[in-house]
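Each remark here refers to the structure printed beneath this line.
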Amino acid sequence: MNSRITRSMLLIAASVSLLSGTAHAQSPVIRSPKPALYTRWINYSPANGFPTGEVYCVAVDGARVWAGTSHGLVLLEDGRVKRIFTTDDGLAGRAVMSIAVDKQNGDLWAGTFGGLSRYSAGKFTNYTNLTSGLANDLVYGVALQGHVLWVATAAGVNRFDTYTGTWSIFNETNAPFQEPWAYGISVAPEKVYVAVWGGGVLAYNLANETWKPFTDPDGEMELVLYRNQGLIHNIVSSVSYNSETKMFWASTYFGLSGYDGRNWHNYLTKDSGLASNFINAVQSRGNEEWTSTQSGLSELDTKTNTWTTYRRDEHTGRGEILITHADGTKQRIPSDTGLAHNYILNTEFQGDDIWVATAQGLSHGTHALPKE
Amino acid sequence: MVVCALIVFVGRPPILAAAAAQVSETSQAQPEVSSHYLSPIALQLSQDGQRLYVVCEDSDEMLAVDTRTRRVIGRARAGKRPKAIAISPDGKTLYVSNEASNSVTEIDAQTFAIRRTLATGWGPVGLATDRTGTTLYVANTLGNDVSLIDLPTGLEQSRLPAGRFPEYVTLSRDGSRVYVANLLARLGPPDQPPTSELTVIDCARRQVAARVDVPGVLQMRHIAELPPSAGGYLLVPFMRPKNLIPLVQIQQGGYLTHGMAVIRPSRSSVGQARDYQVSEVLLDDIDHYYADGYGAAATPNGRWALVTASGSNVVSVINTLPLSTLLAGSPARRQELANRLDSARKFVTNRVPTGRNPTDVVTSPDGRFAYIANRMDDTISVIDITQQWLASTIDLGGPKQLTRNRRGQQLFFDASHCYQGQMACATCHPHEGLSDGLAWSLETPQLGRDVVENRTLYSIEGTEPFKWNGKNPDLETQDGPRTAMYIFRSQGFNSSEVKDLVGYIDSLRLAKNPHLAADGHLTDAQARGKFLFFREITNSGTPISSLQQCPTCHSPLTHFTSKIQIDVGTATKYDTITAFDVPQLEGVVMKPPYLHNGEALDMEEIWTRFNPEDKHGLTSDMNKAQLNDLIEYLKTL
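Heads up: the protein sequence lines correspond to chains G and C, in order.
The letter at position 16 of the first sequence is residue 16 when you use this note's numbering, and the numbering goes up by one with no holes.
The letter at position 611 of the second sequence is residue 983 when you use this note's numbering, and the numbering goes up by one with no holes.
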């Protein structure tokens, strides 16, 4: 953690240099609440061996990076595409929507549109609706809780005990699912959160085996009567539990919601720096909420209430960073490199680096280090 | 291939196994005794070679033998059905796996005092510690995984998925990896050759580094690793079946052969499967077979390797120099070896007789002696490796009188009753009654038609008739001479021996069903599944015809079988009949693949793929959750 703090301080200094537009090798480090910025982007596309099309998800396993795409599962090592796995290699389906790496045994679970795949030491084992207890072959989300795998499918949620081989299904018959489409899943020590497309967020309490729904108080209305009245909309695309803040965050197609156990914290484009209300995914870590929107990647620093949005200039291909401070003031910072595309689907972190899944390739963002 | 196990004959007396000849002498009208046999199954030598630790699976104990006096000097009580043993790097601690207790017993190697009992996964067998003695790797046969136990705390840290039915485990000589041999081949299409897996665990990362395919074989057991100076190969005994062709001819390995995988490991501990060079050689001779390879060991210098043939009461002594030469040929040449019955004579220098049913083998630190556990006569054979002969036999002190079941058990493991000793009952029913998971073309007149899946022997008492066509009304008939002529191609047992064998087979039970709570309490899902099993109406309230209700054909009153033949719509164009014997469901979780031809690789497929007309029970109205519940219940039987 200490090294991370030190690095962050250095990065803050770097960002200040960028903001001021000058190099300050001899300048004293200026303390600033401004965030560390990702100013260097390396993009993976067919030009450097990456498959064409959408990248739905990305997962980090130490030095290795896995990307789920519309054309298979991609393994990157040392910044290069090492292998692309397709159904010919045994993958259950071509489109890989979600990935979870089991830190205990190194196995990888991939949720695809042809079922669930387990990749272990070079071999795929597949689980489908016909050959296992999987509720549906459209698998949107996977998450591990010890040796239990949670699976979000188009027909509810599965719990799969990898030790006993026992499958359980949660759907409208035994849980408050307003809709069957489970789009995402996130685990906490004692709870499991499910993003339900059209059904809000469902929280499962492991201790008493009960479900609790979190839904939009104003139903399907696409407006918010009172800003923090509850979940912003029932069309929830993903959910992310933050073990540090004990909050869960839900991305919807109509804004961002966070819940701290007592109060809701909602964000819309009209009153924040959020790039778009149409959000495909959210990832919460520390005091940062990373939202993958249709118009760029937006990060909320909840401590400073500062928004930072990364976008690609479609004309120049270069990047731009838009900072919206708590007082409403805005700054625009150009960068030489930018994201692969502004339609963002997901994010993942590798230390301080960020990996961004976009509609046209995978992006790897790094901070600019201060000059010596 | 249930018929295989049940067909028994009086064959010619084994040529090499003097001990085996006792069968016919003792099988006549012996009084029943209620003694516990020892059944030594696993060995471990102390580092100085002065103590031999012997695991006895039937008496639930570990014995210590002084190798100088060759007497038992101590014993320790283990859990239920102990199967294997490991020793800590400092030699002070022993670990014994207890297959039926799901635990490992930690024993003081000097005092034989029990220190701790460590919880494992399901059905632990093989085990090994790492170089530092901080992690214990335990292969869980029923869980198909490997438990990693942190020895300072005694707690399981993680489980790594293995292949299917992982049994034996070996730490590599350099300590960088753990090798796991899986008894059964991976589940796959029944019309394809089996492929088994050697699972390789990287000790540093504590993850599976490679899953090495060993094609065309199954029943891989103990692993011996030669030192680098002898090529560094892994030697793993196997059985190589010919189940994809009609069993018309038995000679020249027509049914199956026995041999060993010779695997050159990756140079790197994190090497992938493709970095492992897999060759297969046969240990059989062209006119005699050395059935059911089990134990494997090498001398410290790697010059000699020993592989026990548990069905033939023999240990094959292998000169690794000509073996290495043989393997130095071209890839095409190496590939040929898997089917050549004239290879063994080039590297097997001797076949030394052992006691009955030799299993594990270990070699002394000086490379002079090998010790072999003879499971079926409670002895240890001491082999002088230099002279390549049986130096002595250590009597572990088991009961001398043979019960009917013991006699039957001895017959079960004995391949001498088969033509040229090609196989025993245990060959196709490893692990004392398990199905080998293969579909065989047994019905000779049909020549390739009526391919049927092997069936388990667990809990078959009272489930007659037998065979998938239900033609054999009882086990005695099943073991009769007609069928035997098609399988063992030899003479049958006498009537007394048939009774012994039937008595033994009737006694076989699934040791412990891990899916059922110890007190028999059903989980909510299992209880819901039970309700579905016994339901008489559909989800919409429509009555289900009795022929479509589960208990009609799988009656709980008779081991979950109606003991008749039913057409459940699973016959294919290759079958000459459409109605098949209803299998008992007890232990069904252990029986994949399913259906008469093994087409259903898991229970779900019985109904999701092979029951389109609801002839195999009315299941089409069930939703996925209900089907999952039904399966959860079936797994408890």
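We put the CB at the ideal spot given by N, CA and C, even for glycine.
With a threshold of 8 Å between beta carbons, V580 of chain C makes contact with chain G.
The straight-line gap separating the alpha-carbon atoms of R488 of chain C and I949 of chain C is approximately 56 Å. A distance below 6 Å between beta-carbons, with the five flanking residues on each side excluded, links N691 of chain C to the following residues of its chain, in chain order: F719, T721.
At the C-beta level, V194 of chain G and I185 of chain G come within 8 Å of one another. DSSP places Y876 of chain C inside the alpha helix (DSSP H), whose first and last residues are 867-878. Setting aside the 5 residues that flank it on each side, Q792 of chain C is surrounded in the same chain by I622, Q623, D659, H660, Y661, each with a C-beta closer than 8 Å to its C-beta; the list follows chain order. At a beta-carbon threshold of 9 Å, the residues of chain C lying near Y163 of chain G are G493, W494, G515, D517, R531, ordered along the chain.
Closer than 9 Å at the C-beta level to chain C, one finds these residues of the region 162-195 of chain G: T162, Y163, T164, G165, T166, W167, S168, I169, F170, N171, T173, N174. Within the DSSP bridge table, the entry for T489 of chain C names C:T477 as partners.
Bounds of the beta strand (DSSP E) holding C57 of chain G are 55-61. In the DSSP assignment, S284 of chain G is bridged to G:E289. Following the DSSP letters along the chain, one finds T980 of chain C in no beta strand (DSSP E) but inside the alpha helix (DSSP H) bounded by residues 975-980. At least 8 Å separates the beta-carbon of T980 of chain C from that of Q956 of chain C.
Counting along the chain, the unbroken alpha helix (DSSP H) around C797 of chain C starts and ends at 797-800. Listed in chain order, the positions of the region 738-761 of chain C with a beta carbon within less than 9 Å of a beta carbon of chain G would be empty, since no residue qualifies. Contact annotation: the region 893-901 of chain C does not touch the region 824-831 of chain C, with fewer than three C-beta pairs closer than 8 Å.
Within chain C, the residues whose beta carbon sits less than 8 Å from that of S132 of chain G are D974, E976, listed in sequence order.
Taking K987 of chain C as the centre and dropping the five residues before and after it, the same chain places the C-beta of V940, G941 closer than 6 Å to its C-beta, in chain order. When only Cα atoms are considered, E833 of chain C and L888 of chain C end up about 21 Å apart. For N983 of chain C, the three-state secondary structure derived from DSSP is coil. At a cut-off of 8 Å between C-beta atoms, Q644 of chain C counts as an interface residue with respect to chain G.
In this structure the region 410-417 of chain C touches the region 724-741 of chain C; the number of beta carbon pairs closer than 8 Å is three or more.
For the C-beta of T980 of chain C, the chain G residues within less than 8 Å are, from N- to C-terminus, N129, L130, T131. Exclusion of the five residues before and after A890 of chain C leaves no residue of its chain whose Cβ lies closer than 8 Å to its Cβ. Note on the region 650-705 of chain C: whole alpha helix (DSSP H) runs with a minimum of 4 residues are 692-699, in chain order. Residues of chain C with a Cβ closer than 9 Å to the Cβ of D107 of chain G are, in chain order, L532, P533, Q579, V580. By the Cβ criterion, the region 543-561 of chain C is not in contact with the region 83-92 of chain G, since fewer than three pairs of Cβ atoms, one from each stretch, lie closer than 8 Å. One thing to note: V552 of chain C has its Cβ within 8 Å of the Cβ of V518 of chain C. According to the DSSP assignment, L847 of chain C belongs to the alpha helix (DSSP H) that extends over 847-850. Listed along chain C, the residues sitting closer than 7 Å to Q104 of chain G by beta-carbon distance are S530. Straight-line spacing of the CA atoms in T775 of chain C and A121 of chain G works out to 47 Å.
Interface flag for A121 of chain G against chain C is set, since a Cβ pair is found closer than 8 Å. With respect to the C-alpha of T465 of chain C, the residue from C:T483, C:G451, C:P454, C:N474 having the closest C-alpha is C:T483.
Contact of N1000 of chain C with chain G is assigned, a C-beta pair being separated by under 8 Å. In the structure shown, the three-state DSSP call for A135 of chain G is coil. In this chain, the beta strand (DSSP E) harbouring Q529 of chain C covers 527-533.
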